[in-house]
Amino acid sequence: MRKFTTMMTAAAALLAAGTAVKAEDVEVLHWWTSGGEAAALNVLKEDLEGQGIGWQDMPVAGGGGTQAMTVLRARVTSGNPPTAVQMLGFDILDWANEGALADLNIQAGLEGWDDVVPEALQAFAKHDGKWVSAPVNVHSTNWVWANKAVLDELGIAVPTTWDEFVAALEKVKAAGKTPIAHGGQAWQDATVFDAVAMSTGGPDFYKAAFIDLDEDALGSDTMKEAFDRMAVIRSHVDDNFSGRDWNLATAMVINGDAAFQMMGDWAKGEFLNAGKTPDQDFLCFRFPGTQDQVTFNADQFAMFAQGPEVGKEQAALATAILSPSFQSAFNVVKGSVPARTDVSDEAFDACGKKGMADLKKAAGSGNLYGSMAHGHANPASIKNAMYDVITAHFNGEYDSATAVDELVTAVQINK
Ligand code: GAL
C-alpha cells in the first residue's frame with residue numbers, strides 16, 4: 251500500500267511539475283562525464299536511438315556518483331524523478347526499500363536474466379524477488395595502471411608485493427618523476443584504500459571489516475598497518491593532488507608525467523579514448539598482494555516508478571542494456587566487463603580479457619567482494635562515514651592510530 255501511494259504521489263507530482271520529457275524519451279541521470287565514460291555512454295545512446303527511443307541527458311559530474319545521488323534525492327523529493335538512474339549497490343536497495351523503483355520482472359523473465367547475471371550482481375539488482383535495476387557492467391577497484399615507457403626506462407618490473415611496489419615508487423621518485431597520479435577526493439582516497447586494505451589484511455580481513463563491519467577487524471593492528479601504507483602512498487603523490495579529478499590523474503599516466511595510478515578499470519576507458527594500447531603503451535595489473543581477489547562495483551540503471559506499470563521506454567532501455575551484443579560493445583569501450591556470464595571475451599583487449607578471467611576465477615574461489623569505496627560493501631551512511639576518516643587520514647589530520655579509532659566510532663554511530 252505504502253509503495254503504491256508513493257508511486258501515485260510521485261506520478262501526480264510529475265504531472266504537476268510539467269516535465270519536458272516526452273513519453274517516448276528516457277531521461278537518464280548519470281555521472282559518466284569523462285572522455286572515456288562519454289564514449290561508452292554513446293554506445294548506449296546510439297543503441298536506443300536505433301530503436302526510436304529519445305535520450306534526455308542528465309549528467310551530474312563527479313566520479314563515484316556522490317553528487318549524482320544528491321541531485322537524485324532532490325529530484326525525487328520535488329516529485330520529479332528521472333526515468334532511469336545510474337546507481338551502485340546498496341543505493342539501489344535503499345531506493346527499492348522506499349518503494350520508488352519499477353518492477354522489471356516481466357523483461358527479466360522473458361529474457362532469462364536469472365540464468366545469466368552473476369549472483370553477486372543479483373544481490374543488488376533484485377529486491378523482494380523483483381528485478382528493480384538493469385546491470386550494465388562489472389568494474390573492479392583493485393587495479394594499477396602504469397605508463398609502460400616510464401617503467402621500461404627505469405627498469406621497473408611489474409611489482410607483485412607491497413615491498414616491490416614501494417621499491418618501484420622509490421625508484422620513480424629518485425628519477426625525479428611523480429610515482430603516483432592521484433586525485434585527492436574522498437571517493438578516490440577510498441578507492442585506493444579498498445586495494446591497500448585487501449592487500450594488507452587479505453580477503454577475510456576485508457570481509458570482516460567492510461562487509462560484516464566487525465569491530466575487532468575495524469579496530470585491529472592490521473587496519474593500522476593499512477593506514478600506515480596509505481601514508482606511504484601519500485608520500486609518493488605530487489603536490490597538486492588535492493581535488494584533482496580522477497581522469498586528470500589518469501592523463502598524467504597517459505602522458506608519462508606519472509608512473510602509476512591506482513583506480514578502477516574505468517581508467518582504461520581514458521587510455522583507449524587517448525588512442526593507447528594495453529601492453530604497448532600502458533600496463534594493467536592487480537594491486538600488489540591482491541592478485542587473487544576482485545573488489546567489484548557494478549553500474550546498474552534503476553528505473554524510477556512513474557506509475558503502477560513499468561514504462562514502455564524503461565522496459566526498452568532495460569532490454570537494450572541486457573542484450574549480449576550491447577554488453578560486449580559497451581564494456582569494450584568502458585573498461586569494465588560484461589554483467590552477463592555468457593558473453594565472449596573475443597572483442598576485448600588484453601586488460602579486458604584479464605578482467606573477465608579474474609572475475610570468473612574470483613567468483614569461483616570465494617574471492618569476489620563488494621567494493622567499500624563504490625557502495626557494494628555497506629550502505630551509503632556507513633560508506634560516507636568511512637570516506638571521512640580515510641580522507642582525514644590521507645590529508646594528515648589523523649595519525650594511523652587515531653584513524654583506526656575514528657573508523658570504529660564512525661561505524662558504531664552509523665550502523
Ligand atoms: C564509478 C562507476 C564507474 C566510473 C567511476 C568514475 O563509481 O561505477 O562507472 O564511472 O565511478 O566516474
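Going letter by letter, the sequence shown gives residues 251 to 665 in the working numbering. Positions of the beta carbon are idealized from the N, C-alpha and C atoms, including for glycine.
Three or more Cβ pairs drawn from the stretch 598-606 and the stretch 520-531 lie within less than 8 Å of each other, which places the two stretches in contact. In this structure, the C-beta of residue 392 stays at least 7 Å away from each heavy atom of ligand 1. Exclusion of the five residues before and after residue 295 leaves 305 as the residues of its chain whose Cβ lies within less than 7 Å of its Cβ. The C-alpha of residue 435 is placed about 12 Å away from the C-alpha of residue 639. Straight-line measurement puts the Cα of residue 610 at about 12 Å from the Cα of residue 369. The beta carbons of residue 508 and residue 441 sit no closer together than 8 Å. Around residue 608, the same chain offers 390, 536 and 544 as residues with beta carbons nearer than 8 Å, after the five sequence neighbours per side are excluded. Approximately 7 Å separates the beta-carbon atoms of residue 654 and residue 477; this is inside 8 Å, confirming the contact.
With contacts defined by Cβ atoms closer than 8 Å, residue 522 and residue 302 do not form a contacting pair.
For the options 616, 617, 615 and 634, the alpha carbon positioned closest to that of residue 624 is the one of 634. The stretch 340-350 and the stretch 279-293 do not touch, with fewer than 3 CB-CB distances between them shorter than 8 Å. A straight line joining the alpha-carbon of residue 659 with that of residue 466 spans about 12 Å. Not one heavy atom of ligand 1 is found less than 7 Å from the C-beta of residue 592. Taking 8 Å as the cut-off, the Cβ atoms of residue 308 and residue 278 count as close.
If you draw a straight line from the Cα of residue 341 to the Cα of residue 630, it is about 7 Å long.
In the DSSP assignment, residue 551 falls within the unbroken beta strand (DSSP E) covering 549-553. With a cutoff of 8 Å on beta-carbon distance, residue 496 and residue 438 are scored as near each other. Put simply, the stretch 573-584 touches the stretch 372-392. At least three CB pairs are less than 8 Å apart.
The DSSP-derived three-state label of residue 303 is coil.
Fully enclosed alpha helix (DSSP H) runs of no fewer than 4 residues occupy 600-614 of the stretch 593-630, in order along the chain.
A distance of 8 Å or more separates the beta carbons of residue 313 and residue 363.
Per DSSP, residue 319 is one residue of the alpha helix (DSSP H) stretching across 316-327. Distances from the CB of residue 496 to the heavy atoms of ligand 1 include at least one below 7 Å.
Secondary structure at residue 483: helix, using DSSP grouped into helix, strand and coil. Under the Cβ criterion (8 Å, minimum of three pairs), the stretch 556-575 does not count as touching the stretch 417-432. Setting aside the 5 residues that flank it on each side, residue 361 is surrounded in the same chain by 569 and 572, each with a C-beta closer than 7 Å to its C-beta; the list follows chain order. Rounded to whole angstroms, residue 580 and residue 588 show a C-alpha spacing of 8 Å.
In the three-state scheme derived from DSSP, where H, G and I count as helix and E and B as strand, residue 338 is classed as strand. By the CB criterion at 8 Å, residue 665 and residue 632 fall inside the cutoff.
The beta carbon of residue 338 sits closer than 7 Å to at least one heavy atom of ligand 1. Per DSSP, residue 449 is one residue of the alpha helix (DSSP H) stretching across 436-456. Excluding five sequence positions before and after residue 492, the CB atoms of its chain that fall closer than 7 Å to its own CB belong to 434, given in chain order. Under the 10 Å beta carbon count, residue 410 is surrounded by fewer than 16 other beta carbons and is classified as exposed. The three-state reading of DSSP puts residue 461 in helix, counting H, G and I together. Looking from the CA of residue 418, the closest CA among 381, 382 and 483 belongs to 483.
Your pair residue 540 and residue 650 does not check out as a contact, with CB atoms roughly 20 Å apart and the cut at 8 Å.
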